[in-house]
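Okay, so here's the structure we're looking at.
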Amino acid sequence: MGSLALKYRPQTFQDLVGQLSASRSLKNAIEHNRISHAYLFFGARGVGKTSTARILARALNCVTGPTITPCGTCENCKDIAAGTSMDVVEMDAASNRGIDSIRELRETIRFAPMKSKYRIYIVDEVHMLTPESFNALLKTLEEPPAHVVFIMATTEIHKIPETILSRCQTFAFRKFSIEEIRDRLVHVLKSEQTDFEDDAVFQIAQRAEGSMRDALSILDQVCAFAAEEKLSAKVVLEALGVSSEQIRLEFLEAIRRREIKDALQVIDKLHTEGLNLRRFLWDSLSAMKDLALFHHSASLSSLSGYSSSQTTLLKEYASRWDTRELNAVFSTLYNIYAGWNQFPNSRGSEIRVSLEMAIFHVIEKLNSPSVSSLLSRLNALKSAIETGKTHTDKKPDVASVPTEKKPTTEIFSQPEKKPIPQENPYDSTPPAQASLDAKSILESEFMAEPGSDKDRIFGE
C-alpha cells in the first residue's frame, strides 16, 4: 500500500492537522493579497513544515490562484506535487550549505518564472547554512524581485542569525497532541481497512512523541509486521522491539521493594531477548514521570494522553510510592542515562553492567536516612540534653517497604546523677598525706618494670 507518510501527506490547507495558527495566517495573507517575500517555518521534526511550504507554493502558483483552495488538477499543481516544477526549487541546506550554492541561487532569482506567477524557493534545514552563506543571503532577502518568494524551514531556530529572522515572517509549528495523532491514525487505519485495538493506536501515538510523520512511519512498520493480524498493543511492542509498560512498572516496583534479584531478572530477560536497554531505561524514566503525575494529581480522571488501561495500571502503582522514593530513584537512574549519552557507541554488555550496578546503588540510596530525618533526630537529642529529659531515639526516616514494627531502642538517656562529695572542712589529713594516698593509688594501676610509664609519672 506504499508509504503511509507520503500517501496521507496533506495536500491543502484543509488537510493540515493541528497547525491552526499558521494555516489561518497564510490563508488570510493569500485572500487579502498580503503575501510576504520571505517566510520561516520552525518547529520539531515531522510537524508539517515542508508540507505547508508545498501547499503554500501550490496555492500561489495554481492557475486559478493565488487561492486558498488550489485545484490540484492543473499542470502547475501536478508538477509541484510531483516535485518537477521548474518554478518551485527545493534546496536542502544540509547538503548545499556553502557560499557557492547561495551565489548560484542569487544568479537564478533574476529570471522570471516560466509558467507560474511566482518563482518559489523552499530551503529546508536552513540552520545548516554557514555564516558566509547567511551573509550572502541577506541582501537578497531584504530586496528580492517581486516574483520571488522564499520559504525556509528549520528545527533549530536559535541557530538562525537575527539579521535573517528580521527579514522573514516566522511561524511556529507545534508538536501534535496524543489525541490529534490518535485521531489521524484511526482515520488512516479505517481508510486502509485494517482492524485495530485502541491500546495499539495509543502505543503508536505515544511513541511518536508529537511527530505525525513518525507516527505514520511507525504505523507503516507495525502494519508490515502484523500482515493480516489485528493490530494489538502486543503486536506493536513486538514490531518495535520495546518493553511493555507492565514490565517497566514491575522493574521499578522491584527497586522500590528492594528486591534486587527481581530487578536483575528483568534486566537479564530484556538483554536475552535482544531489547535495547538504553531505550528501556529511558522508557522507565518516562514511566516514573507518569507515576509522579498520578501520585500528585488530585483529579486523576482529568489527565489526558492515557488510555483507560494505562490509567488503571498507573493508579495502582502510583499509590505505592512516596515522593522521596520517586525523587531518589529518578535522579539516580537519570544520572546513569545521562552518562550513557556521553558514550553513544557503548556495547550492550557494557550498558547492562552499568544498569545492574545502578540497581545496587539506588537501593542503597533508598535505605539511607534522609538529611531531614537526621536533622530532626539531632534537634530532638539537643532538646533532651538541654532539658535534662530522657530521650528515646526513633527509627531513621528511610523510604522502605512496610515491615513488622519493632520496639524502639533507647540509645541515649541522661546519666544517673550522683551526689558530688563535699569537702570536709574538719578533715585533719594534711595535704602531703593526701598526695601520698594519690600516689599509692596510681602505683597500684601502673605495676610495670623500671623505665615504664610509672617511672615517667613519678620521676623515679
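Residue numbers (my numbering): 308 to 767. Cβ atoms here follow ideal geometry from the backbone N, Cα and C, with glycine treated the same way. Predicted, not measured: the structure shown is a model, and the values here were computed from it.
Three-state secondary structure (DSSP) of residue 399:
Taking the sequence shown and counting its residues from 1, the one referred to as residue 399 is at position 92. Of the three classes helix, strand and coil, the one that applies to residue 399 here is strand, per DSSP.
Residues that residue 350 bridges to, as DSSP identifies them: Residue 350 sits at position 43 when you count from the first residue of the sequence shown. Its beta-bridge partners are 480.
In the structure shown, what three-state DSSP assignment does residue 538 receive?
Numbered from its first residue, the sequence shown carries residue 538 at position 231. Strand at residue 538.
>> Based on DSSP bridge pairs, tell me the residues matched to residue 461.
In response: Taking the first residue of the sequence shown as 1, we reach residue 461 at position 154. 349, per the DSSP bridge assignment.
Sequence-distant residues of the same chain with beta carbon closer than 6 Å to residue 461, five excluded per side = As a working mapping, residue 461 is identified with position 154 in the sequence shown. So the list reads 349, 433, 434, once near-sequence residues are dropped.
Subject >> Which of helix, strand or coil DSSP assigns to residue 394 >> reply: Start at 1 with the first residue of the sequence shown, and residue 394 comes out as number 87. The answer is coil: DSSP assigns residue 394 none of H, G, I, E or B.
Q) In three-state terms, what does DSSP make of residue 493? A) In the sequence shown, residue 493 corresponds to position 186, counting from 1. The answer is helix: DSSP assigns residue 493 an H, G or I state.
Discussion item. Check whether the stretch 573 to 590 and the stretch 539 to 549 touch, using three or more Cβ-Cβ pairs below 8 Å as the test.
Written reply: yes
* **For residue 721, three-class secondary structure by DSSP** => Numbered from 1 along the sequence shown, position 414 holds the residue referred to as residue 721. Low per-residue confidence applies at residue 721: pLDDT is 49, beneath 50, and the placement is therefore not dependable enough to give any value.
Would you call the stretch 480 to 493 in contact with the stretch 322 to 329, where contact means no fewer than 3 C-beta pairs closer than 8 Å?
yes
Same chain, Cβ closer than 7 Å to residue 513, neighbours up to 5 away in sequence not counted: Numbered from its first residue, the sequence shown carries residue 513 at position 206. Cβ neighbours of residue 513 beyond the five flanking positions: 485.
field: Residues of its chain near residue 437, where Cβ-Cβ distance is below 7 Å and the 5 sequence neighbours each way are ignored
entry: Residue numbering aside, residue 437 sits at position 130 when the sequence shown is read from its first letter. Contacts found: 404, 405, 406.
Requested in this report: Per DSSP, which residues does residue 431 bridge with? Please list them.
Outcome: On the sequence shown, position 124 is the one that residue 431 refers to. Beta bridge pairing from DSSP links residue 431 with 399.
- Task: Note the first and the last residue of the continuous alpha helix (DSSP H) segment covering residue 601.
- Result: Here residue 601 is taken as the residue at index 294 of the sequence shown, counted from 1. Counting along the chain, the alpha helix (DSSP H) containing residue 601 begins and ends at 584 to 603.
Next item on the list: Please report the Cβ distance between residue 571 and residue 657, rounded to the nearest whole angstrom; I am assuming they are in contact, meaning their Cβ atoms lie under 8 Å.
Entry: Taking the first residue of the sequence shown as 1, we reach residue 571 at position 264. Taking the first residue of the sequence shown as 1, we reach residue 657 at position 350. Contact doesn't hold; Cβ gap of about 16 Å is too wide.
If we call anything under 7 Å between Cβ atoms a contact, is residue 361 one with residue 384?
Residue numbering aside, residue 361 sits at position 54 when the sequence shown is read from its first letter. Residue numbering aside, residue 384 sits at position 77 when the sequence shown is read from its first letter. Taking 7 Å as the Cβ cut-off, residue 361 and residue 384 do not qualify as a contacting pair.
From residue 316 to residue 447, what distance separates their C-alpha atoms? The residue labelled residue 316 in the question sits at position 9 within the sequence shown. The residue labelled residue 447 in the question sits at position 140 within the sequence shown. Rounded to the nearest angstrom, the two C-alpha atoms are 31 Å apart.
(Q) Distance check for residue 495 and residue 314, CA to CA, integer angstroms please. (A) Here residue 314 is taken as the residue at index 7 of the sequence shown, counted from 1. Here residue 495 is taken as the residue at index 188 of the sequence shown, counted from 1. Those two C-alpha atoms are separated by around 10 Å.
Q | Anticipated Cβ contact below 8 Å, residue 490 with residue 538, distance rounded | A | If you number the sequence shown from 1, residue 490 lands on position 183. If you number the sequence shown from 1, residue 538 lands on position 231. Wrong, their Cβ atoms sit about 16 Å apart, outside the cutoff.
From 616, 621, 670, pick the residue whose C-alpha is nearest to that of residue 631; which is it? Taking the first residue of the sequence shown as position 1, residue 631 is located at position 324. Comparing alpha-carbon positions, the option among 616, 621, 670 lying closest to residue 631 turns out to be 670.
Q) Buried or exposed: residue 359, going by 16 or more other Cβ atoms within 10 Å of its Cβ? A) Translated into the one-based positions of the sequence shown, residue 359 becomes position 52. Classification of residue 359: buried, given that the 10 Å Cβ count is 16 or more.
Checklist entry - For residue 736, which residues of its own chain have a beta-carbon under 7 Å away from its beta-carbon, when the five flanking residues on both sides are left out? => result Residue mapping note: residue 736 aligns to position 429 of the sequence shown, counting from 1. In this prediction, residue 736 scores a pLDDT of 48, lower than 50, which makes its location untrustworthy; no coordinate-derived value is stated.
Count the other C-beta atoms from every protein chain shown that fall within 10 angstroms of the C-beta of residue 410, then say buried if there are 16 or more, exposed otherwise. Position 103 of the sequence shown holds residue 410. By the beta-carbon neighbour count (other beta carbons within 10 angstroms, threshold 16), residue 410 is exposed.
*Mind listing, in chain order, the continuous alpha helix (DSSP H) runs of no fewer than 4 residues lying wholly within the stretch 314 to 386?*
327 to 338, 356 to 368
Residues bridged to residue 455 [DSSP beta-bridge criterion]: Along the sequence shown, one-based indexing puts residue 455 at 148. According to DSSP, residue 455 bridges with 426.
Can you tell me whether residue 441 is helix, strand or coil according to DSSP?
Translated into the one-based positions of the sequence shown, residue 441 becomes position 134. Correct three-state label for residue 441: helix.
Under 8 Å by Cβ, that's how I've got residue 519 and residue 567 pegged, so tell me the actual separation to the nearest angstrom.
-> The residue you call residue 519 lines up with position 212 of the sequence shown. The residue you call residue 567 lines up with position 260 of the sequence shown. Rounded, the Cβ-Cβ distance is 42 Å, inconsistent with contact.
- Task: Over the uninterrupted alpha helix (DSSP H) stretch that includes residue 577, give me the two end residues.
- Result: Translated into the one-based positions of the sequence shown, residue 577 becomes position 270. It spans 567 to 579 - the alpha helix (DSSP H) in which residue 577 sits, taken as one unbroken run.
To the nearest angstrom, how far is the alpha carbon of residue 334 from that of residue 638? Along the sequence shown, read from residue 1 onward, the residue named residue 334 stands at position 27. Along the sequence shown, read from residue 1 onward, the residue named residue 638 stands at position 331. Cα to Cα, residue 334 sits roughly 47 Å from residue 638.
* Asked: What is the DSSP secondary structure of residue 650, counted as helix, strand or coil?
  -> Along the sequence shown, one-based indexing puts residue 650 at 343. Coil, per DSSP.
| query | Using the beta-carbon count (16 or more within 10 Å), is residue 320 buried or exposed? | reply | Here residue 320 refers to the residue found at position 13 when the sequence shown is read from its first residue. Result: buried.
Q.
Within 10 Å of its beta-carbon, does residue 418 have 16 or more other beta-carbons around it, so buried, or fewer, so exposed?
A. On the sequence shown, residue 418 is found 111 positions in, with the first residue counted as 1. Its Cβ having fewer than 16 others within 10 Å, residue 418 is exposed.
Practice task
Round the Cβ separation of residue 451 and residue 344 to the nearest angstrom and send it over; I've been treating them as touching at under 8 Å.
Solution key: One-based indexing of the sequence shown puts residue 451 at position 144. One-based indexing of the sequence shown puts residue 344 at position 37. Confirmed, about 5 Å.
Exercise for the section: State the Cα-Cα distance for the pair residue 540 and residue 528, rounded to the nearest angstrom. Expected result: On the sequence shown, position 233 is the one that residue 540 refers to. On the sequence shown, position 221 is the one that residue 528 refers to. Cα to Cα, the separation comes out at about 14 Å.
Item to complete: Have a look at the DSSP bridge pairing and note the partners of residue 667.
Response: Residue numbering aside, residue 667 sits at position 360 when the sequence shown is read from its first letter. According to DSSP, which records beta bridges pairwise, residue 667 is partnered with nothing at all.
- According to DSSP, is residue 509 helix, strand or coil? The sequence position of residue 509 within the sequence shown is 202, counting from 1. If DSSP states are grouped into helix, strand and coil, residue 509 belongs with the helices.
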